[in-house]
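Last residue of the sequence shown: number 254 in full-length UniProt numbering, and the count goes up by one each step with no gaps. Every residue gets a Cβ at the ideal spot worked out from N, C-alpha and C, and that includes glycine. To start, the structure itself, in structure tokens.
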Amino acid sequence: MSGSLTVVGLGPGNPDQMTPEALAAVAAAEDFFGYFPYIDRLNLRPDQRRHASDNREELARARAALEMAANGGKVCVVSGGDPGVFAMAAAVCEAIDEGPVEWRSIDFSVVPGVTAMLAVAARAGAPLGHDFCAISLSNNLKPWKIIEKRLIAAAEAGFVMAFYNPVSKARPHQLGDAFALLRRHLPGEVPVIFGRAAGRPDETIRIVPLSEAESGMADMATCVIVGTAETRIIEREGQRPIVYSPRSFKGAGT
Ligand code: SAH
């Protein structure tokens, strides 16, 4: 008998930013797979079982979850933010794609969540108000050359960019290299937003011009949004400025 597997997005960290659909999916499941800080966020009942694991084991975790679902389990795989954005939903899809044919009959669904760039953008104003893209700066799963190519293409095409996985201990120089590259393709006054731990008690939001942006301003819990020549800053007395990208294209920087 085949069971179910639901991949659920828990949002950026604030319980208020978890959707009612995600709460219902968690209440309906019996076995939970995920990176342990995400499992820790759930108020599981005594009858619900935790299978927490380390962050680097996505494919093994996806396979273990599918195996349990194939044996009739009501399984939930959790991700922070949205599970389809640099997270577990694609890992589960890859495992199904490469796995035994029985896994295709599992009742599989994905429940979306508020992804980090949306939580950070909301704190800053509306920096994603015009066309934008999301890029993971981690070169664990793709070469740095490809990342550089995408950064240049996005800058030249006028996309606002949201960077996920901007730095890690193993990759201390990449964000600085990305800023140096972007300074050759974008004006120095383009606003850069460093949104750290959005929605959590230790949240910080910092806004600097691209000319002053440094990798030390970000850590692994930061989503970095780089505007375009069209992105505007509204200064406010005694309050953080508002950053927004106007809906209509005026041709700045082209
Ligand atoms: N699925 C997640 C992203 C996982 S990749 C989502 O949709 O948000 C991990 C990266 O997400 C981190 O390195 C950081 O860049 C970003 N991130 C996750 N939670 C965040 C938060 N609360 N505030 C800012 N950035 C966050």
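9 Å Cβ cutoff met for residue i and residue j
i: Ala62; j: Ala95; result: yes
i: residue 284; j: Asp40; result: Beyond the ends of the chain as shown, which are 1 and 254, falls residue 284; an answer cannot be given.
i: Val243; j: Gly125; result: yes
i: Glu189; j: Ser168; result: no
i: Arg171; j: Leu137; result: yes
i: Ala252; j: Ala198; result: no
i: Val78; j: Leu42; result: yes
i: Val92; j: Leu5; result: yes
i: Leu181; j: Glu235; result: no
Span separating the alpha-carbon of residue i from that of residue j
i: Pro209; j: Pro241; result: 12 Å
i: Val110; j: Gly80; result: 13 Å
i: Glu230; j: Val192; result: 13 Å
i: Met68; j: Met1; result: 11 Å
i: Gly195; j: Arg45; result: 33 Å
i: Thr228; j: Ala25; result: 38 Å
i: Arg232; j: Lys74; result: 48 Å
i: Arg200; j: Ala134; result: 21 Å
i: Ala28; j: Phe132; result: 35 Å
i: Gln17; j: Pro112; result: 11 Å
i: Phe36; j: Gly99; result: 25 Å
i: His130; j: Gly238; result: 27 Å
i: Pro246; j: Leu59; result: 40 Å
i: residue 302; j: Asp219; result: With the chain covering only 1 through 254, there is no way to say anything about residue 302.
i: Asn139; j: Asn165; result: 9 Å
Closest by C-alpha distance to residue i, when choosing among the options
i: Met217; options: Arg206, Gly227, Ser105, Leu59; result: Arg206
i: Phe86; options: Arg247, Phe163, Val192; result: Phe163
i: Ala90; options: Ser248, Ala221, Val7, Thr228; result: Val7
i: Ser248; options: Trp103, Leu128, Asn165, Ala134; result: Leu128
i: Ile146; options: Phe159, Lys169, Gln174; result: Gln174
i: Val160; options: Glu98, Asp177, Leu186; result: Leu186
i: Ser215; options: Asp177, Ala70, His51; result: Asp177
i: Ala221; options: Arg56, Glu203, Glu235, Ile234; result: Glu203
i: Val120; options: Glu21, Ile234, Gly3, Val226; result: Val226
i: Phe33; options: His51, Thr19, Glu21; result: His51
Residue i: CB within 8 Å of a non-hydrogen atom of the ligand SAH
i: Val7; result: no
i: Gly176; result: no
i: Phe86; result: yes
i: Tyr164; result: yes
i: Ser79; result: yes
i: Ser136; result: yes
i: Val243; result: no
i: Asp40; result: no
Endpoints, the alpha helix (DSSP H) within which residue i is located
i: Arg183; result: 174-183
i: Ala62; result: 58-70
i: Ala24; result: 20-28
Start-to-end residues for the beta strand (DSSP E) that takes in residue i
i: Ile193; result: 191-196
i: Asp97; result: From DSSP, Asp97 is part of no beta strand (DSSP E) but of the alpha helix (DSSP H) over 88-98.
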